[in-house]
Each structure stands twice: as structure tokens, then as C-alpha cells.
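**Student:** Numbers 1 to 461, taken from this note's numbering, label the letters of the sequence shown in order.
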Amino acid sequence: METVKPTIIPRAAHPISRSMVSPNALRVLYKLRDQGFIAYLVGGCVRDLLLGREPKDFDVVTDATPGQLKRLFRNCRLVGRRFRLAHIHFQDELIEVATFRALEADYGAEETVGGGETLPPSPDAGAPSRSPRHLKSDEGMVLRDNVFGNPREDAMRRDFTVNALFYNIADFSLIDYAGGMADLQAGVIRTIGDPLVRFTEDPVRMLRAVRFAAMLGLDVEPETWQAILELAPTISRATPPRLFDEMLKLLLLGEGEKSYQLLRKTGLFAPLFPRFNEWLDTETDGFPHTRVSHALDRIDLLVQQGESVAPPLFLALVFGEYLEESATAFRQGGAPPQEALNQAVAGWLGELAPTVLVPNRIGMQVRDILASQQRFLKMPGKRPQSFLGRPGFPIALAYLRLRAEMGEGGSEVWSWWDRYSRENAIDLPSAGAVGKESAPSTGKRRRRRRRKPRTGAAAPQ
Ligand code: ATP
Ligand code: MG
Numbered sequence: 001m002e003t004v005k006p007t008i009i010p011r012a013a014h015p016i017s018r019s020m021v022s023p024n025a026l027r028v029l030y031k032l033r034d035q036g037f038i039a040y041l042v043g044g045c046v047r048d049l050l051l052g053r054e055p056k057d058f059d060v061v062t063d064a065t066p067g068q069l070k071r072l073f074r075n076c077r078l079v080g081r082r083f084r085l086a087h088i089h090f091q092d093e094l095i096e097v098a099t100f101r102a103l104e105a106d107y108g109a110e111e112t113v114g115g116g117e118t119l120p121p122s123p124d125a126g127a128p129s130r131s132p133r134h135l136k137s138d139e140g141m142v143l144r145d146n147v148f149g150n151p152r153e154d155a156m157r158r159d160f161t162v163n164a165l166f167y168n169i170a171d172f173s174l175i176d177y178a179g180g181m182a183d184l185q186a187g188v189i190r191t192i193g194d195p196l197v198r199f200t201e202d203p204v205r206m207l208r209a210v211r212f213a214a215m216l217g218l219d220v221e222p223e224t225w226q227a228i229l230e231l232a233p234t235i236s237r238a239t240p241p242r243l244f245d246e247m248l249k250l251l252l253l254g255e256g257e258k259s260y261q262l263l264r265k266t267g268l269f270a271p272l273f274p275r276f277n278e279w280l281d282t283e284t285d286g287f288p289h290t291r292v293s294h295a296l297d298r299i300d301l302l303v304q305q306g307e308s309v310a311p312p313l314f315l316a317l318v319f320g321e322y323l324e325e326s327a328t329a330f331r332q333g334g335a336p337p338q339e340a341l342n343q344a345v346a347g348w349l350g351e352l353a354p355t356v357l358v359p360n361r362i363g364m365q366v367r368d369i370l371a372s373q374q375r376f377l378k379m380p381g382k383r384p385q386s387f388l389g390r391p392g393f394p395i396a397l398a399y400l401r402l403r404a405e406m407g408e409g410g411s412e413v414w415s416w417w418d419r420y421s422r423e424n425a426i427d428l429p430s431a432g433a434v435g436k437e438s439a440p441s442t443g444k445r446r447r448r449r450r451r452k453p454r455t456g457a458a459a460p461q
């Protein structure tokens, strides 16, 4: 990869000051520095600070090994099977510290299989051709890697130039191996290295490109964009649970509508949701399906106001019309209403499962939300207490409310509930109706909860 010597941007020439960095992250950086280690902030936090945005979290890279980190920090836990990371726990913050890595890391690769095949259990068994420490499938996807590296290698294995900037605690400078600073100034998302290679290694990077473009208001650089257009159909090679996670991050973090438009434009949407995509392209009674856009706009507004929207509510809003149409078809075929809805939801979960795996528990919540709507319609005038106490009530009511606010009917019923709650001093749930635990997972949470690998090639440690 091109750049060997990094560009160093001294403190006076960039806007990041220590007051913008979380005190806990600073503690970690100082301690490493004082012990003679290299310590950098890296990734999303540096990018976001340069863009004047508040980072979600602060990640650190260092030349200290996981074992050294464990000895250095009492509040440290080592996590990750493929590549050990240190989680340094503070009261209400987690700082992730990684040792510099070479080549590709494990970015979901352990969950990623080539073209749907099962990977051979060992490198001798067939397709992968490199050393056991660095495996690629026949299609060039990175399957496993656990090699420590130097700062340059660590920067160059990252996905986009703007995600590869280091903030050096030794002299408060920025270290730029990949040209990220210029790209940030120009407002572009560009892969490090050949985009065709980088998207083949990990197709999920295409979704990340869309997410950063939408969230940060950046443009996808033309060659990177072309590569996405070309490789979009390969997105389904990433594993279905990971794609579900990514989908939530894309659509549920405040710029869902923009992300959705970009997904459609790049051709990423169709391979992720083939049947739904076809349905969206058809019209019902001469009306194009615009509910997805409306729903995402409404969800974005909530998120931008600081509410987090629960995944089942999000799915019900996005897929509700599609599911209702399918339930109607089952009813016309003779199924009773409840049964028709069950069949529609089961069919939908089954149809998504090969690409975007909606966990069953969440699928059932979607069904409950839709099933409750019938009950809501019958409710005014009756005794609502039994309904109020049910666990699924808040989220079902949030759905009723949002649909009413989107002008899709049910506003009289919603008004009735609104009035009833005020007259009886009942606190109705907020429009997002969420528990924090069901908000989209961040990379960190995903790593902590990482599923067992589904193939024989994972977890060399
Ligand atoms: P966010 O604000 O959404 O957290 P982020 O850039 O911090 O954005 P993370 O998923 O937290 O994204 O990843 C942290 C860093 O790890 C990225 O900035 C990037 O340098 C690197 N990274 C993450 N995923 C990949 C990937 N699939 N391929 C290569 N590098 C990746
Ligand atoms: Mg991050």
C-alpha cells in the first residue's frame, strides 16, 4: 500500500484538544505513555472529533501486548477469541485498547463465510491458501488473522482513510498513514487500498461506507462507489446475524432515511431484502409504497431528539404494511385473523433468514405489536386495565401513536388513549418505547456478545 511514511500533523495544525477527550481515555493513554508504550486514540473518535461531532466511544491502540495491559490496569478484562482486546472498565465507560495488528483483523470475519459454503476446518483442507495465521477464502474474504503489527500496518488494515487517523498522546499530534486528513477535509469516504479488494475481503465494509456517508454527510469517492455498485450483490456473503446488526446501525441511528436511499441507489438493498424489494417496486392499487421512507423519516426525528427506537418497533414500522398485506392474503385464503398474522410473520422471518437474520424473539415482538392493533381498535369504551399491564403494551401503543402521527389512521384511537391516560394520571410510554438494552448494539457490545463461530475455521487461540 502506497504511503509508507506518515504525515504528522502537529498539535498547532489540528483542532483536537485534550478537553474533547474522555478523561478515562486520557487516563489510559497517559498510563501507557508513562510506562514507555506507544499509545494512540484511533478510529471513529478521532474522525468524529475532527468533524466536530461527539464520539460514541474512545478506542486506543498501543504496542503493549494484551498480557502487559492486563498487568498494567486493574480494571482490565481481556476479551475476544481471535484477537485479544483489553476492555478497561470505568464506572460508566468502557475504553477498548487493542494491540497494533498487521493485515486484516477479525471484523466479523469469523462470522463470514464465502458464498454460503462451510469453511474447511484447517488450512490444509482446501480453499484457504495462506499460513494458518492469515487465511483467505477462494473469493478473497479474510477468514482469520491474529498477527501483531506495527502502527503502519495497523492503520492500513482499517477500512476507510478517515477511520485510520491516530492521535498520539506523546506529543498530541495526528499521524496519518492513509491520507485520511485530506479526505476528511474534502468530505469523502475512500477505502484504504483497492476498493474491490477491500470489499471482497469484508463485504460489510460496503454497508459501513453507506453508514458513514449518511451519518457524517460525506460523499463516497468515485472509485469506492463504483466498487460498491459492482460488488453489491456479494453483500449476502456476510453472515445473516451480522447483517441484522449492521442493518440496525444503518437505519436506526438517526439517518435511516438517507441510508435507505443510498442502499437502494447502490444496489445493496435488493440482495439483502430480495422479496421485500420486489414488493416495494410494485404498486398496490396504483399507489407506490412510500411507507418505508415515511417511517424512517419519523424514526430519524425521534432518534435525533434523543429517543432510541426499539428494534421491534422499527421493524414493525418499516415492514408493517408488507406484513399486513400478506396477512390479508392469508385471511382471504380462509385463515382466522390471528393465524393469518402468525403465518405472515413466520413467512417474513423465513424469507429474511438467509440474508438478514431477525432473532426470533424480536420477530415475535413484531407480531405482538401488529396483533395488538386490532385490540386497540376495539378498546375505547371498554376497560383497558388488563391491556395496560401487559409487557408488550408500551411498544404496541408507540406503534399506534407513530402511525397516527404519520397520518396512517388510528388517530382517534390514539387520542382516546392519550385522553384516558391524562384523566387517570397514567404515564404513557414515550414514542420510542424502548428499553436501552434493545437499542442497536455498538461494535463493542457486539464483540462482547459475539456468537460462537459457525464454521471450523475460527478461533485459533
Ligand atoms: P462508529 O462511530 O459507528 O463507532 P467507528 O469508525 O468507530 O464508527 P467501529 O465499528 O467502532 O466504527 O470500528 C472502529 C474502527 O475499527 C474503525 O474506525 C475502523 O478503523 C476499524 N474497523 C471497524 N470495522 C472494520 C472493518 N470491517 N474493516 C476494517 N476496519 C474496520
Ligand atoms: Mg466506534
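Note that CB positions come from ideal geometry on N, CA and C, so glycine has one too.
Which runs of the beta strand (DSSP E) spanning at least 3 residues fall entirely within the region 335-373, listed in chain order?
**Tutor:** Counting whole runs of 3 or more residues, the region 335-373 contains no beta strand (DSSP E) stretch at all.
**Student:** Using the C-alpha atoms, what's the distance from LEU29 back to ASP176?
**Tutor:** Spanning the two alpha carbons is a distance of roughly 19 Å.
**Student:** Using only the heavy atoms of the ligand MG, determine whether one of them is closer than 7 Å to the beta carbon of LYS249.
**Tutor:** Every heavy atom of the ligand MG is 7 Å or more from the Cβ of LYS249, so no.
**Student:** Classify ALA270: buried if its beta carbon has 16 or more other beta carbons within 10 angstroms, exposed otherwise.
**Tutor:** Its Cβ being crowded by 16 or more others within 10 Å, ALA270 is buried.
**Student:** Please report the straight-line C-alpha distance between THR191 and ARG211, rounded to a whole angstrom.
**Tutor:** So the alpha carbons of these two residues sit roughly 14 Å apart.
**Student:** Can you tell me the Cα-Cα spacing of VAL309 and ARG208, whole angstroms?
**Tutor:** Each residue's Cα considered, the two are about 20 Å apart.
**Student:** Excluding the five sequence neighbours on either side, which residues of its own chain have a C-beta within less than 7 Å of the C-beta of TRP414, listed in chain order?
**Tutor:** LEU400, ARG401, ALA404, listed in sequence order.
**Student:** Going by the CB atoms, is the gap between LEU341 and ALA371 shorter than 8 Å?
**Tutor:** Yes, the Cβ-Cβ distance between ALA371 and LEU341 is below 8 Å.
**Student:** Could you round the C-beta distance between LEU50 and ALA39 to whole angstroms and report it? I think they count as a contact, below 8 Å.
**Tutor:** So it is not a contact: roughly 19 Å between Cβ atoms.
**Student:** Alpha helix (DSSP H) containing ILE235: first to last residue?
**Tutor:** Looking at the DSSP string, ILE235 is not in any alpha helix (DSSP H), and its letter there is neither H nor E.
**Student:** Who are the near neighbours of THR442 in its chain, counting only those whose CB is closer than 6 Å to its CB and skipping five residues on each side?
**Tutor:** With a pLDDT of only 40 at THR442, under the threshold of 50, the placement of this residue in the model should not be trusted, and no figure is reported.
**Student:** DSSP on TYR167, reduced to helix/strand/coil?
**Tutor:** Of the three classes helix, strand and coil, the one that applies to TYR167 here is strand, per DSSP.
**Student:** Taking all protein chains shown into account, decide if ALA25 is buried (16 or more other Cβ within 10 angstroms of its Cβ) or exposed.
**Tutor:** Buried is the call here.
**Student:** Going by DSSP, what residues sit across from SER173 in a beta bridge?
**Tutor:** In the DSSP output, where bridge partners are listed per residue, SER173 has ASN168.
**Student:** Under the three-state reduction of DSSP, which class applies to GLU96: helix, strand or coil?
**Tutor:** If DSSP states are grouped into helix, strand and coil, GLU96 belongs with the strands.
**Student:** Indicate the three-state DSSP secondary structure (helix, strand or coil) for ILE16 in the structure shown.
**Tutor:** The answer is coil: DSSP assigns ILE16 none of H, G, I, E or B.
**Student:** I want to check one thing, is the minimum distance from the CB of ASP154 to the heavy atoms of the ligand MG below 7 Å?
**Tutor:** No; taking the cut-off as 7 Å, the Cβ of ASP154 has no heavy atom of the ligand MG nearer than that.
**Student:** Less than 7 Å between the CB of LYS56 and some heavy atom of the ligand MG, yes or no?
**Tutor:** True, at least one ligand heavy atom lies under 7 Å from that Cβ.
**Student:** Near PHE376, which residues of its chain fall below 6 Å by C-beta distance, leaving aside the five closest residues on each side in sequence?
**Tutor:** Same-chain partners within the cutoff: LEU400, VAL413.
**Student:** Just to confirm the assignment, what range does the beta strand (DSSP E) spanning ILE88 have?
**Tutor:** Where ILE88 is concerned, the enclosing beta strand (DSSP E) stretches over 85-90.
**Student:** Below 8 Å between beta carbons: does that hold for ARG237 and LEU165?
**Tutor:** No, they are not a contact pair.
**Student:** For PRO384 and ALA398, what's the separation of their Cα atoms in angstroms?
**Tutor:** Taking the straight line from one Cα to the other gives about 16 Å.
**Student:** For THR7, which of helix, strand or coil comes out of DSSP?
**Tutor:** Strand, per DSSP.
**Student:** In this structure, how does DSSP classify ILE395 when only helix, strand and coil are distinguished?
**Tutor:** It is helical.
**Student:** Would you call the region 227-235 and the region 193-205 in contact, with 3 or more CB pairs under 8 Å?
**Tutor:** Yes, the region 227-235 touches the region 193-205.
**Student:** Just reading off the beta strand (DSSP E) that ARG77 is part of, what are its end residues?
**Tutor:** That run of the beta strand (DSSP E) goes 76-79.
**Student:** In the DSSP assignment, find the beta strand (DSSP E) that holds ALA39 and state where it starts and stops.
**Tutor:** Unbroken beta strand (DSSP E) run through ALA39: 39-42.
**Student:** Does DSSP put ARG291 in a helix, in a strand, or in coil?
**Tutor:** Helix.
**Student:** What distance in whole Å lies between the Cβ atoms of HIS289 and MET406, which are believed to be in contact at a cut-off of 8 Å?
**Tutor:** So it is not a contact: roughly 14 Å between Cβ atoms.
**Student:** When you compare each of LEU216, ILE169, LEU272 to VAL204 by their alpha carbons, which one comes out closest?
**Tutor:** It is LEU272.
**Student:** Can you tell which of PHE276, ARG422, ARG77, GLU153 has the C-alpha that lies nearest to the C-alpha of ALA353?
**Tutor:** Checking every option, the nearest Cα to that of ALA353 belongs to PHE276.
**Student:** Is it the case that the Cβ atoms of PHE100 and VAL61 are separated by a distance below 8 Å?
**Tutor:** Contact: yes.
**Student:** For the alpha helix (DSSP H) that VAL60 lies in, which residues bound it at each end?
**Tutor:** Where VAL60 is concerned, there is no enclosing alpha helix (DSSP H), although the beta strand (DSSP E) it sits in stretches over 59-62.
**Student:** What do you reckon, is the C-beta of GLY44 under 7 Å from a heavy atom of the ligand MG?
**Tutor:** Checking the Cβ of GLY44 against the ligand MG gives yes.
**Student:** Return helix, strand or coil for ILE472, following the three-state DSSP convention.
**Tutor:** Outside the displayed range of the chain (1 to 461) lies residue 472, so it cannot be described from this structure.
**Student:** Locate the alpha helix (DSSP H) running through LEU251, then write down its first and last residues.
**Tutor:** Counting along the chain, the alpha helix (DSSP H) containing LEU251 begins and ends at 240-251.
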